[in-house]
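Chemist: Before anything else, here's the structure in question.
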Amino acid sequence: MVDGGGRQEALLAQMRRGTLQYCVLALLASEERYGFDLVRGLADVDGMVTSEGTIYPLLSRLRRDSLVESSWRESPAGPPRRYYRTTGAGRAALDDFRREWSRFRDAVDTFVGEEQS
Amino acid sequence: MTSNADRLVDDYLEQLRRELSGLPLTRRRELLQEISEHIAEGRASLPDEDETEVRALLERVGEPEDVAAAARLELSPRRVTWKDVTALVLLSLGGLLVPATLLVLAEESSGCGTLFTPQLSPQPNASSTCPPSDGSALWGTAVWEVAFVIVLGLLSLVPSAFFARRLRRRLTAVS
């Protein structure tokens with residue numbers, strides 16, 4: 074049973090990895106947010122994020138891939154904050170994913186779906 | 784008491800810094816900065832900063848090794864190129880060529896033959912100081928020559944092994 078639990082976790086981790094970046098892109102498409110705010114927003118939704126620290130490398134990579142851009146703003150109390158928002162390329166990638174995801178999700182649900190009693 | 788909380792945070796960041804070793808310097812610095820700021824913001828929004836609260840905050844951030852693993856995942860993998868293979872081969876060969884060259888030079892300067900090279904330019908004076916070419920003496924010098932080549936050859940494998948290890952780590956980093 075322990076081994077089964079380990080496999081379950083690995084599967085979940087893999088599914089998260091593939092989809093998490095699109096959740097980030099979607100959040101940043103509707104409004105620009107700064108790191109802490111975004112990370113907490115993601116983590117607050119159950120089932121999405123296991124550790125908040127792992128989001129920062131993802132953000133950094135999205136920036137390098139030009140899917141997301143950032144700008145520095147003064148903050149009321151404390152050091153300037155880095156605000157992120159999705160770029161045009163990011164939106165295009167997000168749209169592609171949306172199409173694929175709804176197809177994929179529906180397909181999986183057809184087989185796995187909710188058990189009918 | 785803030786000193787306990789500060790110590791917890793410092794320990795955490797120190798551990799994270801260690802886990803991030805091997806990553807490119809700029810990535811490492813950037814991530815440490817971001818995590819440090821994240822923790823600072825988290826602490827600022829805590830009602831009161833006792834040790835349990837800070838521990839809970841650090842738990843939410845996650846284990847340093849998990850954060851470091853995530854950072855490694857986002858590294859772009861590097862393909863093995865002909866340059867890498869050539870460098871590896873040259874490194875290994877070079878290590879053998881150096882002692883071989885030194886042996887030949889030694890032979891030249893002493894005028895005596897070595898195990899591997901015959902006496903190229905026999906000189907009248909040198910023949911008396913060269914080891915006689917019968918079995919016993921030759922065996923003595925041969926051991927030193929062989930040991931010389933082996934030791935330097937093995938030493939050349941160290942940079943090769945180091946280089947190969949770094950290459951392997953880059954190859955296994957998945958995008």
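Going down the list, the sequences are from chains X and A. The numbering of the first sequence is the working numbering, which starts it at 74 and goes up by one. The numbering of the second sequence is the working numbering, which starts it at 784 and goes up by one. Where is the CB? At the ideal position from N, CA and C, for every residue including glycine. Only a predicted model underlies this, so the values are computations on that prediction, with no experimental measurement involved.
#1: Looking at the C-beta of D1008 of chain A, does it have a partner C-beta in chain X at a distance below 9 Å?
#2: Where does the unbroken beta strand (DSSP E) through E209 of chain X begin, and where does it stop?
#3: Just checking: is the beta-carbon of T123 of chain X within a distance shorter than 9 Å of some beta-carbon in chain A?
#4: Distance, Cα to Cα, L940 of chain A vs F946 of chain A?
#5: Taking three-plus beta-carbon pairs below 8 Å as touching, is the segment 86-100 of chain X in contact with the segment 122-132 of chain X?
#6: Below 8 Å on the Cβ atoms is my guess for S943 of chain A versus L871 of chain A; work out the distance and round it to an integer in Å.
#7: Any beta-carbon of chain X closer than 9 Å to the one on V792 of chain A?
#8: Count the other C-beta atoms from every protein chain shown that fall within 10 angstroms of the C-beta of V929 of chain A, then say buried if there are 16 or more, exposed otherwise.
#9: According to the Cβ coordinates, are L841 of chain A and I822 of chain A closer than 9 Å?
#10: Any C-beta of chain A within less than 8 Å: which residues of the segment 82-110 of chain X qualify?
#11: Listed in chain order, which residues of the segment 809-843 of chain A have Cβ atoms closer than 8 Å to some Cβ of chain X?
#12: Taking only the alpha-carbon atoms, compute the straight-line gap between I818 of chain A and G79 of chain X and give it to the nearest angstrom.
#13: In angstroms, rounded to a whole number, what distance separates the CA positions of A909 of chain A and E890 of chain A?
#14: Report all residues from its chain with a CB closer than 8 Å to the CB of A102 of chain X; omit the five preceding and five following residues, and keep chain order.
#15: Where in the segment 852-878 of chain A do unbroken runs of the alpha helix (DSSP H), each at least 4 residues long, occur, reported from the N-terminal end onward?
#16: Which residues in chain A have a C-beta closer than 9 Å to the C-beta of Y129 of chain X? List them in chain order.
#17: In the DSSP assignment, the alpha helix (DSSP H) including T159 of chain X goes from what residue to what residue?
#18: Would R137 of chain X pass as a contact of G108 of chain X if the rule is Cβ separation under 9 Å?
Modeler: Based on what the coordinates show:
#1: Any answer about residue 1008 of chain A is impossible in this case: the structure gives chain A only from 784 up to 958.
#2: Given that chain X is displayed from residue 74 to residue 190, the structure contains no residue 209 of chain X and the question cannot be resolved.
#3: The residue given as residue 123 of chain X occupies position 50 in the first sequence. For T123 of chain X, the answer is yes, since a Cβ of chain A falls inside 9 Å of its Cβ.
#4: Within the second sequence, the letter at position 157 stands for residue 940 of chain A. Within the second sequence, the letter at position 163 stands for residue 946 of chain A. So the alpha carbons of these two residues sit roughly 10 Å apart.
#5: yes
#6: Along the second sequence, read from residue 1 onward, the residue named residue 943 of chain A stands at position 160. Along the second sequence, read from residue 1 onward, the residue named residue 871 of chain A stands at position 88. Right, the Cβ-Cβ distance comes to about 6 Å (below 8 Å), so this counts as a contact.
#7: As a position in the second sequence, residue 792 of chain A is number 9, starting the count at 1. False, the Cβ-Cβ gap to chain X never drops below 9 Å.
#8: If you number the second sequence from 1, residue 929 of chain A lands on position 146. Label assigned to V929 of chain A: exposed.
#9: Position 58 of the second sequence, counted from the start, is the residue given in the question as residue 841 of chain A. Position 39 of the second sequence, counted from the start, is the residue given in the question as residue 822 of chain A. With respect to I822 of chain A, L841 of chain A sits close: the two C-beta atoms are nearer than 9 Å.
#10: R90, G108 and F109
#11: R810, E813, L814, E817, I818, E820, H821, A823, E824, G825, A827 and R843
#12: Looking up residue 818 of chain A in the second sequence gives position 35. Looking up residue 79 of chain X in the first sequence gives position 6. Whole-angstrom Cα-Cα distance: 28 Å.
#13: For the purposes of this step, residue 909 of chain A is identified with residue 126 of the second sequence, where counting begins at 1. For the purposes of this step, residue 890 of chain A is identified with residue 107 of the second sequence, where counting begins at 1. Interpretation of A909 of chain A is limited by its pLDDT of 49, a score under 50 that renders its predicted location unreliable; no figure is taken from the coordinates.
#14: On the first sequence, residue 102 of chain X is found 29 positions in, with the first residue counted as 1. Closer than 8 Å at the Cβ level, and outside the excluded window around A102 of chain X, lie R158, T159, G163, R164 and L167.
#15: As summarised for the segment 852-878 of chain A, there are no continuous alpha helix (DSSP H) elements at least 4 residues long confined to that stretch.
#16: As a first step, residue 129 of chain X is located in the first sequence; it is residue number 56 there, counting from the start. E813, L814, E817, I818, H821, V850, A853 and A854, listed in chain order.
#17: For the purposes of this step, residue 159 of chain X is identified with residue 86 of the first sequence, where counting begins at 1. Careful: T159 of chain X lies outside any alpha helix (DSSP H), inside the beta strand (DSSP E) at R154 to T159.
#18: Residue mapping note: residue 137 of chain X aligns to position 64 of the first sequence, counting from 1. Residue mapping note: residue 108 of chain X aligns to position 35 of the first sequence, counting from 1. Not in contact: R137 of chain X and G108 of chain X (Cβ atoms no closer than 9 Å).
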